[in-house]
Amino acid sequence: MLQINYIRENIADVKKRLVKKHFKNADQSVDLIIQLDEQKRSIQKQVENILAEENDAAKRIGELMRAKNIAEAESIKVLIPALKDSRKKLEEELQKLEEELYNILITLPNLPHESVPEGRTPEENVNVYHHGEIPTLYDGAIPHWDIAAKYDIIDFELGNKIAGAGFPVYKGKGARLQRALINFFLDEAIKSGYKEIMPPIVVNEASGFGTGQLPDKEGQMYHIGIDDLYLIPTAEVPITNLYRDVIVKEEELPIKNAGYTSCFRREAGSYGAHVRGLNRLHQFEKVEIVQIAHPDKSYQILDEMIAHVKGLLEKLELPYRVLRLCGGDMSFASALTYDFETYCAAQQKWLEVSSTSNFESFQANRLKCRFKNKEGKNQLVHTLNGSAIALPRIVATLLENNQTPEGIKMPKVLHPYLGFEMID
RNA sequence: GGAGAGGUGCCUGAGUGGCCGAAAGGGACGGUUUGCUAAACCGUUGUAUUCGAAAGGGUACCGAGGGUUCGAAUCCCUCCCUCUCCGCCA
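Okay, so the first sequence: first residue is 2 according to my numbering, each after it adds one.
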């Protein structure tokens, strides 16, 4: 959520940046916010003045009662109903204004960083880095869903039977590969200074709100109605919410946490070839890195997180590229996002395996996560997170790119984790 | 699932109608003392919002929301949450 103070003082800038993010009606929304905010503050002032009078009267009555001066106390008492009456009316109006203001305010997305490219669609994302060669496969190379069946390592049919589409069953070396990747990613995160967190994989509504999934993406999360809990779509939600309503010490920043969790996404509206095999699932495994940062340092930290993810992909020997997302393709809460895509050689497609973002103070404002700055004032922190990394598309790429007539070769770095070198 | 207890500031914990934004202790921070450490002593120590150049002032907040009252942390109602015991279970 954007801070009203910032909007008030930077009207033109806010409008311009909302337009860059392709937010509809940026002009009207901001104008309305400013107008509602002015009305609200004016009425609030009136209400508070009346309250001050009432408080003062009550105090005097108390003093008079103690002095047994009943008559004078009573004479003040009769003045109060009129004050109360006019206050009640103003308060109703105030409440309406506050609600209206809030309802518009939470629909505003975060403002894009100045380095965010103009653009509306994924095609307009800017390729900022690439690494590795696109492999040439032998004749008879097949997509990963066929490989999965051939070696009996991932069973989509069985998943259908016991849960539904998008919930695959990993078997044998397929399951061991999952475990190996999780451990590898966690160990690498720890080496980079992250503290490992194992959070709950369900969260309450307040947490969903804190990181921006609610109310915006209500339909994208699985909801457990009987207990009113949500299955997490990413570990970002519980791990960032650890700091909800917390005032951290400035010298503790940056706070670096990482965690592995299963992630659950309803993916309502997805269908067709995009969802074939591991390309898009309802449940998948992911290691997430999360940082709580000083506002002055957050972009430097974003770069550090980018470097961490690059390192992972390079150790896995995967060809990848890094995209800076354009204004129209960024998520609601993000100020700057880099997507990582690996090249999946049999499908001949780039697949997103990580998304790493700086949310600046957008989430922090919802979370009320602050630190006491040098002037002794509480100031919102910046929050950042990145996938490091989500497993399914990494597995898809490994299977497709490393296939040989003899079997699937595993990258060296995973050998100690796997206990084998080849899926055959 | 059954029964009970409770939600107060960074923590413990007092507070049953006005003098309570809130005792006391602890912690933290600053100072005095000290060769250093410790101890002792003194002081400071909530958030939000608004007015103000500042000093300072107003308003709200004792789980949430309503109500009674001139006045509510305190009384009443509703909801939420936590804890303990019993049962069941990993």
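C-beta atoms are modelled at their ideal positions from N, C-alpha and C, and glycine is treated no differently.
Distance CB(residue i)-CB(residue j) smaller than 8 Å
i: ALA142; j: ALA347; result: yes
i: GLY260; j: GLU197; result: yes
i: PHE421; j: GLN284; result: no
i: PRO123; j: PHE24; result: no
i: THR1; j: ILE233; result: Residue numbering for the chain in the displayed model covers 2 to 425; residue 1 lies beyond these limits and cannot be assessed.
i: ILE395; j: LEU317; result: yes
i: ASN379; j: THR241; result: no
i: ILE409; j: ILE424; result: yes
i: SER428; j: PHE341; result: As shown, the chain starts at 2 and ends at 425. That puts residue 428 outside it, with no answer to give.
i: ILE51; j: ARG88; result: yes
i: LEU84; j: GLU55; result: yes
i: LYS174; j: ILE154; result: yes
i: LEU19; j: ALA27; result: yes
i: SER193; j: GLU289; result: no
i: PRO320; j: GLU134; result: yes
i: VAL203; j: ILE225; result: yes
i: ALA58; j: ILE77; result: yes
Alpha-carbon spacing of residue i relative to residue j, whole angstroms
i: THR427; j: HIS132; result: Since the first and last residues shown for the chain are 2 and 425, residue 427 lies out of range.
i: LEU98; j: SER30; result: 14 Å
i: PRO426; j: GLY209; result: Here the chain covers residues 2 to 425 and nothing more, so residue 426 does not appear.
i: GLU64; j: GLU93; result: 32 Å
i: ASP140; j: LYS311; result: 30 Å
i: TRP146; j: GLU119; result: 36 Å
i: LYS162; j: ALA176; result: 18 Å
i: ALA74; j: LYS60; result: 10 Å
i: GLU10; j: PHE186; result: 43 Å
i: PRO113; j: LYS375; result: 27 Å
i: GLY127; j: ALA336; result: Before going on, a small fix: residue 127 reads as Val here, not Gly. Computed Cα separation, rounded: 15 Å.
i: LEU314; j: TYR231; result: 31 Å
i: MET306; j: THR357; result: 7 Å
i: ILE227; j: LEU324; result: 41 Å
i: TYR195; j: GLU206; result: 27 Å
i: GLN47; j: ASP86; result: 13 Å
i: ARG67; j: PRO82; result: 22 Å
i: VAL276; j: GLY213; result: 25 Å
i: GLU39; j: ALA13; result: 17 Å
i: LEU91; j: ARG121; result: 44 Å
i: LEU352; j: LYS41; result: 48 Å
i: TYR407; j: ASP304; result: Looking at the sequence itself, residue 407 is Glu, so the reference to Tyr does not match. GLU407 and ASP304: Cα-Cα distance of roughly 40 Å.
i: LEU138; j: CYS264; result: 32 Å
i: GLU237; j: VAL291; result: 7 Å
Residues near residue i by beta carbon distance below 6 Å, same chain, minus five either side
i: LEU182; result: LEU392
i: ASN402; result: PRO136 and ALA346
i: VAL15; result: ILE8 and VAL31
i: ASN184; result: TYR418
i: GLY211; result: ASN242, ARG245, ARG367 and LEU368
i: GLY278; result: HIS145 and TRP146
i: TYR152; result: ILE424
Neighbourhood of residue i by C-beta distance below 7 Å, restricted to the same chain and skipping five residues each side
i: MET2; result: LEU106, ILE107, PHE363, ASN366 and ARG367
i: GLU101; result: LEU37
i: PRO293; result: Here residue 293 is Ile; the residue named in the question, Pro, does not match the sequence. Excluding positions up to five away in sequence, the list reads TYR244, VAL249, LEU254, PRO255, ILE256, CYS370, VAL382 and THR384.
i: ASP156; result: PRO169, VAL170 and LYS172
i: MET199; result: GLY260
i: TYR300; result: ASN359
i: PRO201; result: PRO239
Buried versus exposed, by CB contacts within 10 Å (16 or more), residue i
i: LEU159; result: exposed
i: ARG371; result: buried
i: GLU361; result: buried
i: ALA53; result: exposed
i: VAL79; result: exposed
i: THR235; result: buried
i: GLY404; result: Here the sequence assigns Gln to residue 404, which means Gly is not the residue at that position. Classification of GLN404: buried, given that the 10 Å Cβ count is 16 or more.
i: CYS416; result: A quick correction: the sequence has His, not Cys, at residue 416. Exposed: under 16 other Cβ atoms inside 10 Å.
i: ASN6; result: exposed
i: VAL258; result: First, the residue type needs correcting, since residue 258 is Asn and not Val in the sequence shown. With 16 or more Cβ atoms within 10 Å of its Cβ, ASN258 is classed as buried.
i: VAL129; result: exposed
i: LYS69; result: exposed
Close beta carbons around residue i, own chain, < 8 Å, minus the five adjacent residues each side
i: ARG267; result: GLY220, GLN221, MET222, TYR223 and HIS283
i: GLU125; result: PRO118, GLU119, CYS327, GLY329 and ASP330
i: GLN179; result: TYR171, GLU286, LEU392 and VAL396
i: LYS373; result: ILE248, LYS250, GLU251, ASN379 and GLN380
i: SER116; result: ARG325 and LEU337
For the region 354-382, which segments carrying the alpha helix (DSSP H) assignment without a break, of at least 4 residues, lie completely within its bounds, in sequence order?
Contiguous alpha helix (DSSP H) elements confined to the region 354-382 occur at 363-368, taking only those with 4 or more residues.
At 4 residues or longer, and completely inside the region 126-193: list those alpha helix (DSSP H) runs for me, N to C.
Qualifying alpha helix (DSSP H) stretches, in chain order: 145-151, 157-163 and 174-192.
Residue ranges of each alpha helix (DSSP H) within the region 81-123, 4 or longer
If we require 4 residues or more, the alpha helix (DSSP H) runs fully inside the region 81-123 come out as 81-106.
Which parts of the region 276-334 are runs of the alpha helix (DSSP H), unbroken and 4 residues or longer, counting only runs that do not cross its ends?
If we require 4 residues or more, the alpha helix (DSSP H) runs fully inside the region 276-334 come out as 299-316.
Would you list, in sequence order, the uninterrupted alpha helix (DSSP H) runs of no fewer than 4 residues that lie entirely inside the region 195-239?
If only uninterrupted alpha helix (DSSP H) runs of at least 4 residues are considered, those enclosed by the region 195-239 are 206-211.
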